[in-house]
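J.:
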Amino acid sequence: NAGVTQTPKFQVLKTGQSMTLQCAQDMNHEYMSWYRQDPGMGLRLIHYSVGAGITDQGEVPNGYNVSRSTTEDFPLRLLSAAPSQTSVYFCASSYSVANYGYTFGSGTRLTVV
Amino acid sequence: DAKTTQPPSMDCAEGRAANLPCNHSTISGNEYVYWYRQIHSQGPQYIIHGLKNNETNEMASLIITEDRKSSTLILPHATLRDTAVYYCIVNGGATNKLIFGTGTLLAVQP
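Chains Y and S, in that order, are what the protein sequence lines are. When we follow our numbering, the leftmost residue of the first sequence carries the number 1, and every step to the right adds one. When we follow our numbering, the leftmost residue of the second sequence carries the number 114, and every step to the right adds one.
Written out as structure tokens, the structure is:
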């Protein structure tokens, strides 16, 4: 039982490049989400999913796409990287709508130059 | 989802109880109170949650006032490893969408 696995752990992109941050969980959790955390700030919700085939926007969705084709995977795509997207990205999953805690991954540290 | 208010920072002596307050005066009847913590550069860690009754687990205790407008997270015997940012979050409804604030930085002093 690996929990929530994020890859890569570190990434440097050039402005305009695209990439996909991977997130996988092996706990059969229905709910998954992506957050970003900038220095000295709390986490901000980017996108979330309540189940396979269902996604929705969070607080800061611009510049990011997601899809949920399986229960296990919830990739985050950066369409055209910008320096403002330099951040640490966390993926999280949860078993139930409420009355259950989220499990977070260890994060992907992204730098856009 | 209801908004929460937490002090930006607190100190606690090692071995003593750490009591972290949270105000959530606009909480609605179906919303739970969750506590997470984030140790430097790591992913947030779930601690505990509750609806209206006090809760206790191996990590902490959660005390929710009778009117549910505030709560307190209690770490009974704080250690240096408990130094972290602690987030109080109120969440309910169909989306399980956690919205984080800026939390409380708890510094446990030797």
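All C-beta atoms in this analysis are idealised placements derived from N, C-alpha and C, irrespective of residue type, glycine included. Small disclaimer: the values here were computed from a predicted structure and weren't measured.
If you draw a straight line from the alpha carbon of S:Phe213 to that of Y:Gln37, how long is it in whole angstroms?
T.: Going from the Cα of S:Phe213 to the Cα of Y:Gln37 covers about 10 Å.
J.: Give the C-beta separation of S:Ile152 and S:Lys165 to the nearest angstrom, bearing in mind that I take them to be a contact with Cβ-Cβ under 8 Å.
T.: Not really, about 29 Å apart at Cβ, beyond 8 Å.
J.: With a cut-off of 8 Å on the beta carbons, I'd call Y:Phe90 and Y:Leu43 a contact; round off their distance for me.
T.: Correct: roughly 7 Å between the Cβ atoms.
J.: Excluding the five sequence neighbours on either side, which residues of its own chain have a C-beta within less than 8 Å of the C-beta of S:Arg129, listed in chain order?
T.: Here the set comprises His190 and Ala191.
J.: I think Y:Cys23 touches Y:Phe104, with their Cβ atoms under 8 Å apart; what is that distance to the nearest whole Å?
T.: Going by Cβ atoms, the distance from Y:Cys23 to Y:Phe104 rounds to 10 Å, so no, they are not a contact pair.
J.: With a threshold of 8 Å between beta carbons, is S:Gln222 in contact with chain Y?
T.: For S:Gln222, the answer is no, since every Cβ of chain Y falls outside 8 Å of its Cβ.
J.: What does Y:Phe74 reach in chain S if we use C-beta pairs closer than 8 Å?
T.: Per Cβ cutoff of 8 Å: no residues; Y:Phe74 is ~14 Å from chain S at best.
J.: Give the single residue among S:Arg194, S:Val203 and S:Ile202 whose Cα lies nearest to the Cα of S:Leu219.
T.: Cα-wise, what sits closest to S:Leu219 is S:Arg194.
J.: Between the C-alpha atoms of S:Cys103 and Y:Ala52, what's the straight-line distance to the nearest angstrom?
T.: The structure shown does not extend to residue 103 of chain S, since chain S is modelled only from 114 through 223, so no value can be given for it.
J.: Is the Cβ-Cβ distance between S:Val221 and S:Cys125 less than 8 Å?
T.: In contact: S:Val221 and S:Cys125 (Cβ atoms closer than 8 Å).
J.: Does S:Glu171 pass the burial test, meaning 16 or more other C-beta atoms within 10 Å, or should it be called exposed?
T.: Exposed is the call here.
J.: Do Y:Met32 and Y:Tyr95 have their CB atoms nearer than 8 Å?
T.: It is not a contact, given that the beta carbons lie outside the stated cut-off.
J.: Out of S:Ala197, S:Thr196, S:Val198 and S:Asn167, which one is the CA nearest neighbour of S:Thr185?
T.: Measuring from the Cα of S:Thr185, the nearest candidate turns out to be S:Asn167.
J.: Taking just the CA atoms, how far does Y:Met41 sit from S:Pro157?
T.: Computed Cα separation, rounded: 13 Å.
J.: Taking C-alpha atoms, which residue in Y:Val113, Y:Arg68, Y:Gly3 and Y:Ser18 lies nearest to Y:Thr86?
T.: Closest option to Y:Thr86, Cα to Cα, is Y:Val113.
J.: For Y:Thr103, which beta-bridge partners are listed by DSSP?
T.: For Y:Thr103, which the question treats as bridged, DSSP gives the partners Y:Ser93.
J.: Thinking C-alpha only, which one of Y:Leu13, Y:Pro8, Y:Gly58 and Y:Thr20 is nearest S:Leu211?
T.: The shortest C-alpha separation from S:Leu211 is found at Y:Gly58.
J.: Quick one: list the residues of chain B neighbouring S:Gly156, beta-carbon separation under 7 Å, in chain order.
T.: Checking the listed chains, one finds no chain B in this structure; the protein chains it contains are Y and S.
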